[in-house]
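Heads up, the sequence shown is in the working numbering, so the first residue is 664 and it goes up one at a time. Here a beta-carbon is modelled for each residue, glycine too, at the ideal position from N, C-alpha and C. Report on the following structure.
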Amino acid sequence: MRYDLEALGRTLSKEELARRPVAGFWRYAEFLPVATPANRVSLGEVVTPLIALDRLAAGQGAGAGRLLVKDEGRLPTGSFKARGLALAVAMAKELGITDLAMPSNGNAGAALAAYASRAGLTATVLCPADTPEINLSEIEAQGATVIRVNGLINDCGKLVGEGKAERGWFDVSTLKEPYRIEGKKTMGLELAEQLGWRLPDAIFYPTGGGTGLIGMWKAFDELEALGWIGPERPKMIAVQASGCAPIVKAWEAGEEHAPLWDNAQTVAAGIRVPAAIGDFLILRAVRESNGFALAIDDERILAARDEVARGEGLLLCPEGAATYAAWQEAVARGWIEPDAESVLFNCATGLKYPLPRATRSLDRHRPVDWSRLENGAS
Ligand SMILES: *Cc1c(COP(=O)(O)O)cnc(C)c1O
664 MRYDLEALGR TLSKEELARR PVAGFWRYAE FLPVATPANR VSLGEVVTPL
714 IALDRLAAGQ GAGAGRLLVK DEGRLPTGSF KARGLALAVA MAKELGITDL
764 AMPSNGNAGA ALAAYASRAG LTATVLCPAD TPEINLSEIE AQGATVIRVN
814 GLINDCGKLV GEGKAERGWF DVSTLKEPYR IEGKKTMGLE LAEQLGWRLP
864 DAIFYPTGGG TGLIGMWKAF DELEALGWIG PERPKMIAVQ ASGCAPIVKA
914 WEAGEEHAPL WDNAQTVAAG IRVPAAIGDF LILRAVRESN GFALAIDDER
964 ILAARDEVAR GEGLLLCPEG AATYAAWQEA VARGWIEPDA ESVLFNCATG
1014 LKYPLPRATR SLDRHRPVDW SRLENGAS
């Protein structure tokens, strides 16, 4: 999507935008392709908060307010997939498309289901068979047809491609239609506005298909073209799981494309993407920004989730937890100053993921041995 930013610069000011009553990403209507306001399908989007992890940051020598989590789990359907799919659905509505289909590891399918139902469109979602039950149920409960496939997300994507011909589906796979990225782009607009029209020093992004990273990179260029920000850019840091790290491998090897990752496995389902269609765009943004790519193993991802949940009271999703572990690792390696202003993207609510079982219990019919109860076990 290209916009007439010069004309927009003459008609829209930061002050006018600040006065707008719409809270969520639809406030950036001029930066988005939907022409008819009635097509802006909404489920009550919010500006997602920036939450400082001051206590954990201090432990690594960072000052207050330097390590921030942008908590995307507050969006409808509990993940930032709402941004992209709201746009895809709104544009489908605007263009008269009625039957949408998509491969998904869970969160994208849930967002598609919800926004499609809201807009009165039908949706079919193909998921890897081992997608967490909660995601499959959520998709179905919100009105889409969900189908398990014995394969990974790229296998599901191939089947959607075939269904396009056989069933007349419109394929809303990441970067196979041009609008999801426009929705994800709003993370960059929103972040800049929240910080008073400046950008942080570093963005740690859990990277699957990379739509958000590419989208934010595009947003920054658009804001600069408008004259709302300068040429400075954050380091764009692609975070992946060690069990599925095609972008990290390609970045380390200096390659422009990332070959398919065999045997992809990780608890961070949202970033289990063995092949990203926009690999070269992710790698380009990472390199142009002087950023880097880092992989974190599952054990560390889960330990990071526990650390942030217990230490700060913020339950991250595994993908978001990976960005915290990556920040720690980058500081330890000297790749980033502890005091750099770093934004970690927590892309979904931690509540959508399997959590460790709580095991303690009391029998109220028997005498309680109070001496055996620990206080605030951690
Ligand atoms: C989809 C997803 C990602 C990856 O986002 P991309 O922009 O496609 O790379 C990360 N985390 C979660 C929770 C997701 O659902």
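Nearest CA to the CA of Q857: which residue from F1008, P1017 and V710?
-> V710
Bridge-paired residues (DSSP) for Q903 | A958
In chain order, what residues of the same chain lie with their CB nearer than 6 Å to the CB of L838, ignoring the 5 residues before and after it?
-> I940 and G941
R1027 burial status per 10 Å Cβ neighbour count (16 or more: buried) = exposed
Inspect the beta-carbon positions of G846 and L675 and report whether they are closer than 9 Å.
-> no
Got a sec: does ligand 1 put a non-hydrogen atom nearer than 8 Å to the Cβ of N702?
-> At a threshold of 8 Å, N702 does not count as near ligand 1, since its beta carbon sits no closer than that to any of the ligand's heavy atoms.
Using a Cβ-Cβ cut-off of 6 Å (strictly less than) and excluding sequence neighbours within five positions of G645, which residues of its own chain qualify?
-> Residue 645 lies beyond the stretch modelled for the chain, which goes from 664 to 1041, so this question has no answer here.
Taking 8 Å as the cut-off, is the CB of A749 close to at least one heavy atom of ligand 1?
-> In this structure, the C-beta of A749 stays at least 8 Å away from each heavy atom of ligand 1.
Write down every uninterrupted run of the beta strand (DSSP E) in the region 843-883 whose length is 3 residues or greater and which is fully enclosed by it, in chain order.
-> 865-869
Under 9 Å between C-beta atoms of R896 and S952 = Yes, the Cβ-Cβ distance between R896 and S952 is below 9 Å.
Contacting residues, own chain, Cβ-Cβ under 6 Å from L731 (five flanking each side not counted) | L713, A715 and V1006
Could you pull out every residue in the same chain whose Cβ sits closer than 7 Å to the Cβ of L1025, ignoring the five residues on either side in sequence?
-> V1031
Please list, in chain order, all residues of the same chain as W628 whose beta carbon is under 7 Å from its beta carbon, the five residues on each side excluded.
-> Examination of residue 628 is not possible in this model, given that the chain is present from 664 through 1041 alone.
Coil, strand or helix - S1024 by DSSP | coil
Does any heavy atom of ligand 1 sit closer than 8 Å to the C-beta of V936?
-> yes
Does DSSP put K839 in a helix, in a strand, or in coil?
-> coil
Using DSSP with H/G/I as helix, E/B as strand and the rest coil, what is R830?
-> helix
Thinking R746 and T870 are a contact (beta carbons under 8 Å), I'd like their distance in whole angstroms, please.
-> Going by Cβ atoms, the distance from R746 to T870 rounds to 16 Å, so no, they are not a contact pair.
Can you give the beta carbon distance from M754 to V788, rounded, assuming they're within the 8 Å contact cut?
-> Between V788 and M754 the Cβ distance is about 18 Å, and since that is not below 8 Å, they are no contact.
Same chain, Cβ closer than 6 Å to G726, neighbours up to 5 away in sequence not counted | D1002
Taking only heavy atoms of ligand 1 into account, decide whether any of them is closer than 8 Å to the Cβ of S952.
-> no
Since E975 contacts C1010 with CB under 8 Å, what's their CB separation in whole angstroms?
-> Contact flag wrong, Cβ pair sits at about 17 Å.
Beta-bridge pairing of T787 - partner residues as DSSP gives them | A764 and T808
Assign A888 to one of three DSSP states: helix, strand, or coil.
-> helix
Could you tell me whether any non-hydrogen atom of ligand 1 is closer than 8 Å to the CB of S905?
-> no
Distance cut-off 8 Å: L876 Cβ against heavy atoms of ligand 1 | Yes, since a heavy atom of ligand 1 falls inside the 8 Å radius drawn around the Cβ of L876.
Looking only at its own chain, which residues have a Cβ that is under 7 Å from the Cβ of A670, when we skip the five neighbours before and after it?
-> none
State the Cα-Cα distance for the pair E840 and K898, rounded to the nearest angstrom.
-> 27 Å
When DSSP builds the beta bridges, which residues end up paired with D734?
-> N1009
Near R683, what residues of its chain come up, given a Cβ to Cβ distance below 7 Å and the 5 sequence neighbours on each side ignored?
-> R690
Considering only the beta carbon of each residue, do I810 and P937 sit closer than 9 Å?
-> no
Nearest CA to the CA of A686: which residue from A966, E853, L862 and E992?
-> E853
Quick one: measure Cβ to Cβ for P739 and E693, integer angstroms, because I've assumed they're closer than 8 Å.
-> Rounded, the Cβ-Cβ distance is 22 Å, inconsistent with contact.
Contact check, G954 vs G736, beta carbons under 9 Å | Going by C-beta atoms, G954 is not nearer than 9 Å to G736.
Just the C-alpha distance for S836 and G820, rounded to the nearest angstrom, thanks.
-> So the alpha carbons of these two residues sit roughly 7 Å apart.
Between N1038, F867 and Y778, which lies nearest to G806 when the distance is taken from Cα to Cα?
-> Closest option to G806, Cα to Cα, is Y778.
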